[in-house]
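Structure first, commentary second.
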Amino acid sequence: MGLRRTMATIAVTASVAMSGMAALAGPASAATAGCSGTRLAKVPVKGGQTQAVVGYLEVYASGRMMCARTVASNSNGTQWVSVRLKDGLSNSRDNRAVGSPSPSSAEWQAGWDAVDAGKYSSYAGPVRDYDNGKVEVHATIKKYGIWYAARWS
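Heads up: the sequence shown is residues 1 to 153, going by the working numbering.
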């Protein structure tokens, strides 16, 4: 009787712990957390010889604040994920500190206002900046050594 009760307690504890971890991890759709407002676009990130879709570029707007992120469909073989946003102003009229996260000097010189890029396996972003007339967003995913891309403007 004592052994059964101990085993039952272990099973219940494990079950509760696992459900708690599931609650912490959240649903797959939680990957879009971090951008709020109205979704303006969900563009497939694709490329390669077969034009395979390996993820999506998602663009949101809340008033003039733009937000974007790149979400890989799955992490298998994903080596790099990036999202870049430019707001339509020339650098001479723009403030580098407004975009988030701030771009490197080279990215800023190339016109990007907010950049998140790296050896991520699931997503990059969110990146944010104000819409100043012509927003452009680029996304890339490198999977098994092949680059895939999407653009929105």
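Every residue, glycine too, gets a C-beta built ideally from N, C-alpha and C.
For W80, there is no enclosing alpha helix (DSSP H); the residue is found in the beta strand (DSSP E) stretching over 78-86. For A110, the three-state secondary structure derived from DSSP is coil. Relative to G77, the option among L57, W152, K119 whose CA is nearest is K119. Secondary-structure assignment with DSSP links D129 through a beta bridge to M66. Within the same chain, P44, K46 come within 6 Å of V53 by CB-CB distance, once the 5 residues on both sides are set aside. Proximity of the region 131-148 to the region 97-109 falls short of the contact definition, fewer than three beta-carbon pairs being nearer than 8 Å. If you look at Y148, you'll find it in the beta strand (DSSP E) that goes 146-152. Boundaries of the beta strand (DSSP E) around L40: 38-47. T50 sits exposed, since fewer than 16 C-beta atoms from the chains shown fall within 10 Å of its C-beta. Judged by DSSP secondary structure, V135 falls outside any beta strand (DSSP E); it is assigned neither H nor E.
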